[in-house]
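Asker: Numbering (this note's numbering), first residue to last: 227 to 602.
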Amino acid sequence: MFKVKVNGREIESKGMVKDALISAGIKINKLLTDGDVDKRDSIFMPCNCGGCWACTVKINGKTSLACITPLKKDMYIETLKYSSKQVLRVVSGFGAHYVGGVGTPYFLKIQTKPIEVVVFTHGCNLRCPQCQNYKIAFTDLGSLLDPQETAQILWGLKEVHEVDTITFSGGESTLNRPWLLKTIESIKKNKNNLNIHVDTNGTILTPHYLDQLVKAGMNYIGIDLKGWEVSTFQLITGMEDYDLANQYLKNSWNSVKYLIEHYNMDHVIKTESDNELNDFQLKSTNRYPEKPSIFLGIGIPYNKQLISKSELMKMGEKIKAWDPKIQVCILDYRPEFRRNELIKPNWQEMVEIKNMFNELGLKTVIVQTERGHFGP
Ligand code: FES
């Protein structure tokens, strides 16, 4: 046991700094509601692995992480308002991408030159046992950068690779709200016609956060919907806490609904009858003249060991009712990380799912397969 002080109060605790915070009555949150941003009696700790830098406190006057810093005697720990923290995040994997993500319009996906530059943000609030990016999602083994530093690197890469899209992926890119908003603002400050693409599991997004992202300059967003039933979401994401899983799943679906209902949607439109990629373009719904257009892509995982076809159909029905032209990308989940027993769906299985979604009435369905993407 160590004697430490938390916000001036003497506490005896062992373990990590977060354990002393809990002993001092500080609430550890896995969700950050808009009203919690300026509270000091709770702390947002979504990744618990040192990647997101949302859980910073001051220890003896120095910015440190509550989740992975071991306690030592005589520490003086101060919690901070979320809005007054130093804005930093662990990132890695800067580079050019040829295929893009869930929020990349279909006709850009199969080009033979880079289509975007990307940064991967460390830390994730989910615990997917088949995570394909686990070295980023669950470690802090990257560079700790502020928004301006990150923006400068992305700007340099964008010039080198001659692309007009900058992408945030992860890990979960949205965990550190001030970092993400400030980085997007820094990028957009210099040039307004760049596309900013945010790839997210959507689980901690709120309408206000989405509005902030759009205001900062985000115009492409890919949101994963990892199930319809909470039990499926728990199986896919490794989330044991039912209530939290339920809330995360609701947030991701609500984010899709909110964007469709409150913004002009850019859709992939086929302009001619043959299959040349160049015959596609984006067309906006233009329902709200005062609002910008957003390209929204939805990602849905498929592996028959994780989700049934009938559950997929329920998801497809709901999406179609909101907007049948929204781009939906079905992802073939493969054995990875802690789930080596998974059998990767073959391309015929994936095409069958695509046909089922098309028959439902969804117009822009893509499947990711071992033979590349099959699209509209
Ligand atoms: S919760 Fe501590 S770094 Fe993410």
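Cβ atoms here follow ideal geometry from the backbone N, Cα and C, with glycine treated the same way.
Taking Cβ positions, are Val482 and Ile526 nearer each other than 8 Å?
Answerer: Start at 1 with the first residue of the sequence shown, and residue 482 comes out as number 256. Start at 1 with the first residue of the sequence shown, and residue 526 comes out as number 300. No, they are not a contact pair.
Asker: Where do the ends of the alpha helix (DSSP H) carrying Val424 lie?
Answerer: For this step, residue 424 is matched to residue 198 along the sequence shown. First-last for Val424: 421-426, but that is the beta strand (DSSP E), not the alpha helix (DSSP H).
Asker: Buried or exposed for Val386, please, with buried defined as at least 16 other CB atoms from any protein chain shown within 10 angstroms of its CB.
Answerer: Against the sequence shown, residue 386 aligns to sequence position 160. The residue in question, Val386, is exposed, as its Cβ has fewer than 16 Cβ neighbours within 10 Å.
Asker: Sorted by chain position, which residues of the same chain lie with C-beta nearer than 8 Å to Met242's C-beta, five sequence neighbours on each side aside?
Answerer: In the sequence shown, the residue the question calls residue 242 occupies position 16. These residues qualify, in order along the chain: Ala292, Cys293, Ile294, Thr295, Pro296, Leu297.
Asker: Could you please give the first and the last residue of the uninterrupted alpha helix (DSSP H) stretch that includes Ile520?
Answerer: Here residue 520 refers to the residue found at position 294 of the sequence shown. Premise fails: Ile520 lies in the beta strand (DSSP E), 519-528, not in any alpha helix (DSSP H).
Asker: From what residue to what residue does the alpha helix (DSSP H) around Ile341 run?
Answerer: For the purposes of this step, residue 341 is taken as the residue at position 115 of the sequence shown. Neither: Ile341 is in no alpha helix (DSSP H) and is coded neither H nor E.
Asker: With three or more C-beta pairs closer than 8 Å as the rule, is the segment 524-543 touching the segment 457-473?
Answerer: With the cut-off at 8 Å, the segment 457-473 and the segment 524-543 touch.
Asker: Which residues end up in the neighbourhood of the ligand FES when you take C-beta atoms closer than 6 Å to any of its heavy atoms?
Answerer: Checking every Cβ against the heavy atoms of the ligand FES under 6 Å gives Met271, Pro272, Cys273, Asn274, Gly276, Gly277, Cys278, Trp279, Ala280, Cys281, Leu291, Cys293, Gly349.
Asker: How about Lys476 and Asn351: are their beta carbons less than 8 Å apart?
Answerer: Position 250 of the sequence shown, counted from the start, is the residue given in the question as residue 476. Position 125 of the sequence shown, counted from the start, is the residue given in the question as residue 351. Contact flag unset, no.
Asker: Where does Glu169 land, buried or exposed, given buried means 16+ other C-beta within 10 angstroms?
Answerer: Here the chain comprises residues numbered 227 to 602, so residue 169 is not present and cannot be evaluated.
Asker: How would you call Lys339, buried or exposed, if buried means at least 16 neighbouring beta carbons within 10 angstroms?
Answerer: The residue labelled residue 339 in the question sits at position 113 within the sequence shown. Burial call: exposed.
Asker: For His387, which residues does DSSP report across the bridge?
Answerer: In the sequence shown, the residue the question calls residue 387 occupies position 161. Paired residues: none, contrary to the question.
Asker: Can you give me the Cβ contacts of Asp372 inside the same chain, cut-off strictly under 7 Å, excluding the 5 residues immediately before and after it?
Answerer: In the sequence shown, counting from the first residue as 1, residue 372 sits at position 146. These residues qualify, in order along the chain: Val313, Leu314.
Asker: Can you find the residues in the same chain that come closer than 6 Å, C-beta to C-beta, to Tyr446, ignoring five residues on each side of it along the sequence?
Answerer: On the sequence shown, residue 446 is found 220 positions in, with the first residue counted as 1. So the list reads Gly329, Asn421, His423, Phe521, once near-sequence residues are dropped.
Asker: Excluding the 5 residues flanking Met444 on each side, which residues of the same chain have their C-beta closer than 7 Å to its C-beta?
Answerer: Position 218 of the sequence shown, counting from 1, holds the residue named residue 444. Correct list, in chain order: Ile410, Ile422, Val424.
Asker: Can you tell me whether Lys384 is buried or exposed, with buried defined as 16 or more other CB within 10 angstroms of its CB?
Answerer: By 1-based counting over the sequence shown, the position of residue 384 is 158. Looking at its Cβ environment, which holds 16 or more other Cβ atoms inside 10 Å, Lys384 is buried.
Asker: Just checking my contact of Asn490 with Tyr528 at CB under 8 Å: how many whole Å lie between their CB atoms?
Answerer: The count along the sequence shown starts at 1 and reaches residue 490 at position 264. The count along the sequence shown starts at 1 and reaches residue 528 at position 302. The Cβ separation is near 30 Å, so there is no contact.
Asker: So does the segment 262-275 actually touch the segment 434-444, counting three or more Cβ pairs closer than 8 Å?
Answerer: Contact between the segment 262-275 and the segment 434-444 is absent, because fewer than three Cβ pairs lie under 8 Å.
Asker: Buried or exposed: where does Ala607 fall if 16 or more other Cβ atoms within 10 Å of its Cβ makes it buried?
Answerer: There is no way to answer for residue 607, as the model of the chain reaches only from 227 to 602.
Asker: Can you tell me where the alpha helix (DSSP H) with Phe583 in it begins and where it stops?
Answerer: Within the sequence shown, residue 583 is the residue found at index 357, counting from 1. Counting along the chain, the alpha helix (DSSP H) containing Phe583 begins and ends at 573-586.
Asker: Any chance you could list the alpha helix (DSSP H) runs of at least 4 consecutive residues sitting entirely within the segment 303-379, in chain order?
Answerer: Runs of the alpha helix (DSSP H) inside the segment 303-379: 360-363.
Asker: In this structure, does DSSP put Ser534 in helix, strand or coil?
Answerer: Within the sequence shown, numbered from 1, the residue matching residue 534 stands at position 308. If DSSP states are grouped into helix, strand and coil, Ser534 belongs with coil.
Asker: Let's test the definition: count the other Cβ atoms within 10 Å of the Cβ of Asn581 and tell me whether it reaches 16, buried, or not, exposed.
Answerer: Translated into the one-based positions of the sequence shown, residue 581 becomes position 355. Its Cβ having fewer than 16 others within 10 Å, Asn581 is exposed.
Asker: Based on Cα-Cα distance, which residue from Glu388, Lys570, Gln507, Ile486 lies nearest to Ala322?
Answerer: Taking the sequence shown and counting its residues from 1, one reaches residue 322 at position 96. For Ala322, the nearest C-alpha among the options comes from Glu388.
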